[in-house]
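Here the protein sequences come in this chain order: A and B. Under my numbering, the first residue of the first sequence carries the number 427, and numbering increases by one thereafter. Under my numbering, the first residue of the second sequence carries the number -13, and numbering increases by one thereafter. Every residue gets a Cβ at the ideal spot worked out from N, C-alpha and C, and that includes glycine.
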Amino acid sequence: MSKNTVSDRFRKVDVDEYDENKFVDEEDGGENQLGPDEAEVDSLIRQGNLMGALQAVLKNPPINTKNQNVKDRAEGLVLKVLSSFKSSDIEKAVQSLDKTSVDLLMKYIYKGFEHPSENSSAVLLQWHERALSAGGVGCIVRVLTARKTV
Amino acid sequence: MAYHSFLLEPISCHAWNKDRTQIALCPNNHEVHIYKKAGTSWAKIHELKEHGGQVTGIDWASESNRIVTCGTDRNAYVWTLKGDAWKPTLVILRINRAARCVKWSPKENKFAVGSGSRLISVCYFEQENDWWVCKHIKKPIRSTILCLDWHPNNVLLAAGSCDFKCRIFSAYIKEVEEKPAPTSWGSKMPFGEVMFESSGTAGWVHGVSFSDSGNRVAWASHDSTLAVAEGGKAAVIASLSSATLPLVCVTFITENSIVAAGHDCYPVLFVYDAGKGTITFGGKLDVPKQSAQKGLTARERFQNLDKTASETKEAALESLHKNSISQISVLEGGKVKCAKFCTTGMDGGMAIWDVKTIESAMKDLKIQ
């Protein structure tokens, strides 16, 4: 009897990929999601209307899109808005947001933690503290369990 | 609120007998222990040793006095009391992963087992062969089934799964029952038919409960949300994102009120308003006794600053349970007007909550 004992490439096959009952995430058609409007947000920051800028940047989150550039651009924009707030104004800004916006803000905060730049983490930590008191631990749990992130 | 600490280990699962004098629980090992109430304490009267793996689900059928248990050894046993001892009967579930939860149907002629094999085994007794036989519900389940609850019509079964969905299946077995009448979830109910599938919540579904009428189903999900769906022409789903840690077990105590508990170690009340289609947070049901604040000496203050960087020592959790609550069961009054319910948890303790006492202790709490 001869057996092919040389090739063991079969061991590297991922059998789960071929399972017909494999779990597939729902596709939600995110091709048209462009993220928050950069021009609008920039103009609001220049005018000094930081509350408005915050509301604008939390619109149209690029949750469903697979385009990484859109997501990075959105994250950068959010970071810009968050950094332009004075520490004393953060509390009021968070209070003005509704529940889903607080959840979305927390998602952006954690995304920002993933890729820190020189001052970003300090700013994000201040926002994190305020968002935590507004959204509670449940808000963080929702960031951890979300299948689709910003 | 009565609290009894049974063990140091977590209580994996529990079930009560009909008159609530005996409780069967699994002390986080391969056995099931049955305790009988003796005055104010509990005495162990039976030890059921048959499982080869941890017992993950126990259910006690009130009328027929049979216990069904399922475990990580991929088996389920139906125990009947013969004289003074419980005798097991093996049920072949035909699963190749651990069983996770088990529930008797309301008429107690069948039971359903949820497992890690991504299917639900619905088992019924076949008279000719004197043997328990099972049928599988497979599609469209994509992951482990964590929790089950039966509809009062004995046919519909709600299942919460790790594929982030709560579904209602038909578990109609033509050998043991008549064709069911139409319900608010649909009228055609062949075996394995999906009558309802949830959408909108992310996170594993840890606990599911039908209301007493069966027209509403509530589920608790790992993303700290609680959702309620109402059957009808268009199934309406209302959900509430809570600011607490995820809830793990949930039950209706009236048609509009839901009690849920989880990793925050205290039960919480939610109220469902059908007219507005919303769920509101009713209140924390664990009112801790205010302990007398002793004055701190300067020495203690500095000691605390040294040890824990804060001046006061926050020692223990204020809630009754000192660790996550894993299961909640209705003791008296049924799901339509529950008077007492029981919770067991990872701290090895069991607490019995009296609804009237809670209502009077919390002034603006309304359980309607």
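Does the separation of the CB atoms of H16/B and K30/B fall below 8 Å?
Not a contact, by the Cβ cut-off of 8 Å.
Please state whether the Cβ-Cβ distance between L375/B and T330/B is less than 8 Å.
Given that chain B is displayed from residue -13 to residue 354, the structure contains no residue 375/B and the question cannot be resolved.
Along the chain, where does the alpha helix (DSSP H) containing W22/B start, and where does it finish?
Rather than Trp, the amino acid found at residue 22/B in this sequence is Lys. No alpha helix (DSSP H) holds K22/B; the beta strand (DSSP E) holding it covers E17 to A24.
Let's test the definition: count the other Cβ atoms within 10 Å of the Cβ of A465/A and tell me whether it reaches 16, buried, or not, exposed.
So A465/A ends up on the exposed side.
CA-CA distance, V141/B and G478/A?
Roughly 54 Å separates the two Cα atoms.
So is S103/B in contact with chain A if we call contact Cβ pairs under 8 Å?
No, its Cβ sits nowhere closer than 8 Å to a Cβ of chain A.
List in chain order: all unbroken beta strand (DSSP E) runs of 3+ residues lying wholly within the region 196 to 254 of chain B.
Listed in chain order, they are 202 to 207, 211 to 216, 222 to 227, 233 to 238 and 243 to 248.
Exposed or buried, what is S(-13)/B when buried is set at 16 or more other beta-carbons lying within 10 Å of its beta-carbon?
Strictly speaking, residue -13/B in this sequence is Met, with Ser absent from that position. M(-13)/B is exposed by the Cβ-count criterion.
Would you list, in chain order, the members of the region 518 to 550 of chain A that have their beta-carbon closer than 9 Å to a beta-carbon of chain D?
Reference to chain D is not applicable here, since the protein chains of this structure are A and B.
Using the C-alpha atoms, what's the distance from P232/B back to S312/B?
If you take the alpha carbons of S312/B and P232/B, they lie about 11 Å apart.
In the structure shown, what three-state DSSP assignment does D340/B receive?
DSSP places D340/B in strand when its eight states are reduced to three.
Quick check: the Cα distance between C251/B and A337/B, rounded to an integer number of angstroms?
When rounded, the distance between both Cα atoms is 11 Å.
For a contact meaning CB atoms closer than 7 Å, what does T571/A contact in chain B?
A188, G189, H208 and D209, listed in chain order.
Report all residues from its chain with a CB closer than 8 Å to the CB of K342/B; omit the five preceding and five following residues, and keep chain order.
Taken in chain order, the residues that qualify are A325.
In this structure, how does DSSP classify C148/B when only helix, strand and coil are distinguished?
Reduced to three states, the DSSP call for C148/B is coil.
Taking DSSP's pairing of strands, which residues face Q313/B in a bridge?
DSSP, once it has assigned bridges, lists T330/B as partnering Q313/B.
Around the C-beta of S227/B, are 16 or more other C-beta atoms found within 10 angstroms, so that it is buried, or is it exposed?
By the 10 Å Cβ count, S227/B comes out buried.
Pop quiz: A157/B and I123/B are said to be a contact at Cβ under 8 Å. What is the actual Cβ separation, rounded to whole angstroms?
With 8 Å as the limit, A157/B and I123/B qualify as a contact, their Cβ atoms being about 7 Å apart.
On the criterion of 16 or more Cβ atoms from any shown chain inside 10 Å, does V439/A qualify as buried, or is it exposed?
Exposed.
Beta-carbon of T130/B versus every beta-carbon of chain A: anything under 8 Å?
For T130/B, the answer is no, since every Cβ of chain A falls outside 8 Å of its Cβ.
Relative to the C-alpha of I516/A, which candidate in L551/A, V567/A, D434/A and G461/A has its C-alpha closest?
Checked all of L551/A, V567/A, D434/A and G461/A; the closest Cα to I516/A is L551/A.
So, are the CB atoms of D45/B and W117/B less than 8 Å apart?
Not a contact, by the Cβ cut-off of 8 Å.
When burial is assigned at 16 or more other CB atoms within 10 Å of the CB, is G186/B buried or exposed?
Result: exposed.
Does DSSP put Q552/A in a helix, in a strand, or in coil?
Of the three classes helix, strand and coil, the one that applies to Q552/A here is helix, per DSSP.
Once you ignore the five residues that flank S487/A on each side, which residues in its own chain have a CB closer than 6 Å to its CB?
In the sequence as displayed, the identity of residue 487/A is Pro instead of Ser. Around P487/A: L530 and V576.
Are the Cβ atoms of F155/B and W190/B separated by less than 8 Å?
It is not a contact, given that the beta carbons lie outside the stated cut-off.
For L306/B, which of helix, strand or coil comes out of DSSP?
Here L306/B sits in coil by DSSP.
So R568/A contacts chain B; which residues on that side make the cut at Cβ distance below 7 Å?
Here the neighbours are D209, S210 and S227.
Could you have a look at M181/B and say whether DSSP puts it in helix, strand or coil?
Looking at M181/B - three-state DSSP - the assignment turns out to be strand.
Spatial neighbours of K525/A within its chain, please: CB distance less than 8 Å, with the 5 preceding and 5 following residues excluded, ordered by chain position.
G561.
Classify S514/A: buried if its beta carbon has 16 or more other beta carbons within 10 angstroms, exposed otherwise.
Exposed, because fewer than 16 other Cβ atoms sit within 10 Å of the Cβ of S514/A.
Using 8 Å as the threshold, is the C-beta distance between G269/B and F(-8)/B below it?
No, they are not a contact pair.
Hey, could you find the ends of the alpha helix (DSSP H) F267/B is sitting in?
It is not in any alpha helix (DSSP H) - F267/B instead sits in the beta strand (DSSP E) that spans T264 to K270.
Answer yes or no: does any C-beta atom of chain B fall closer than 8 Å to that of V441/A?
Closer than 8 Å: no.
Please name the residue, chosen from N14/B, S(-2)/B, S27/B and L(-6)/B, that lies closest to Q8/B on a Cα-to-Cα basis.
The shortest C-alpha separation from Q8/B is found at S27/B.
Taking the straight line between their C-alpha atoms, what separation do you get for P138/B and S305/B?
Roughly 34 Å separates the two Cα atoms.
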